[in-house]
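Terminal number for the sequence shown in the working numbering: 204, no gaps in between. Think of the CB as a built atom: it goes at the ideal place given N, C-alpha and C, for glycine as much as any other residue. Keep in mind the model is a prediction, meaning the values are calculated, not measured. What follows is one structure encoded as structure tokens, with my remarks underneath.
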Amino acid sequence: MKLVVLISGNGSNLQALIDAQQAGRLRGEIAAVISNRADAYGLQRASEAGIATRVIPAQDYADRAAYDIALGDVIEALGAELIVMAGFMRILTPEFVQRFAGHMLNIHPSLLPKYQGMNTHQRALAAGDAEHGTSVHFVTEELDGGPVILQAKVPVFAEDDAEILAERVQTQEHCIYPLVVNWFCCGRLALRDGQAWLDQQPL
Ligand code: GRF
């Protein structure tokens with residue numbers, strides 16, 4: 002199965018997917034990496050792995066709707082059946098989400114439904130949480146609100162700052178995201194009636 006990875010920055014989750022593909026742990030082919038930013042370090046990671054890259058800058062389009070149509074057309078032309086969002090810092094239009102419904106995954110650095118949106122590590126620290134983590138979920142029209150597929154938890158220590166906590170969370174992201182993407186590629190995972198299903202069981 003062909004997939005595309007959407008990024009805006011560092012691309013450490015992209016790297017985890019590339020590593021999984023190279024190790025034979027991903028029954029899928031990363032057909033291309035698409036970024037809205039030309040300076041995203043993840044583009045370099047893709048090139049080094051011999052993966053095609055595309056930069057689609059927002060300023061080339063009149064509005065969000067036009068951007069998302071162009072993005073969707075590129076993805077469709079690649080023949081990709083799965084869109085993996087990995088630090089893609091744009092909010093997608095409902096039209097885009099509907100176009101690829103059930104074929105879009107995202108990873109969000111919190112234990113959803115806690116801390117949708119930005120600055121999740123700071124918010125977990127400020128709340129004095131003993132546990133924090135990350136969630137892989139299907140993308141729906143509700144921002145960071147789609148059905149959760151898999152979460153990984155990490156402890157929060159008294160001396161943590163947001164940077165250390167983010168690192169601890171990211172180490173877990175690099176384990177669980179390739180796993181979930183592989184489930185999808187193997188046909189084990191589906192979004193049905195607004196719910197995530199794994200091996201014909203609701204999650
Ligand atoms: C990850 O922490 C992910 O949870 C969030 O954005 C970050 C992307 O990091 N959606 P990277 O670019 O994969 O290193």
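State the DSSP-derived secondary structure class of residue i, mapped to helix, strand or coil.
i: N107; result: strand
i: Q201; result: coil
i: A102; result: coil
i: I84; result: strand
i: L15; result: helix
i: R65; result: helix
i: A47; result: helix
i: L93; result: coil
i: L27; result: coil
i: L79; result: coil
i: A71; result: helix
i: A41; result: coil
i: A33; result: strand
Less than 7 Å separating the beta-carbons of residue i and residue j?
i: L112; j: G134; result: yes
i: R38; j: S13; result: no
i: C186; j: R28; result: yes
i: F139; j: A197; result: yes
i: S136; j: Q117; result: no
i: N107; j: M90; result: no
i: F97; j: D69; result: yes
i: L83; j: H104; result: yes
i: A1; j: I92; result: No answer is possible for residue 1: it lies beyond the span of the chain, which begins at 2 and ends at 204.
i: R55; j: I76; result: no
If I measure Cβ to Cβ from residue i and keep anything under 6 Å in the same chain, skipping five residues before and after, which residues do I get?
i: E132; result: K154
i: A41; result: I8, S9 and G10
i: Q16; result: R46
Give me, in chain order, the residues of the same chain whose beta-carbon lies closer than 8 Å to that of residue i; leave out the 5 immediate sequence neighbours on both sides.
i: A167; result: P110 and H122
i: P58; result: N37, R38 and A39
i: A81; result: K3, L4, V5, A32 and A33
i: A21; result: L27, P179, V182 and N183
i: P95; result: E142
i: S48; result: T54
Please work out which residues of its chain come closer than 7 Å, Cβ to Cβ, to residue i, disregarding the five sequence neighbours upstream and downstream, and give them in chain order.
i: L79; result: K3, V5, A32 and A33
i: R189; result: L199 and D200
i: A163; result: H122, Q123 and L126
i: D130; result: V157
i: Q173; result: G134, T135, A153 and V155
Within the region 111 to 191, note down every full alpha helix (DSSP H) run reaching 4 residues or more, in order along the chain. Contiguous alpha helix (DSSP H) elements confined to the region 111 to 191 occur at 121 to 127 and 163 to 186, taking only those with 4 or more residues.
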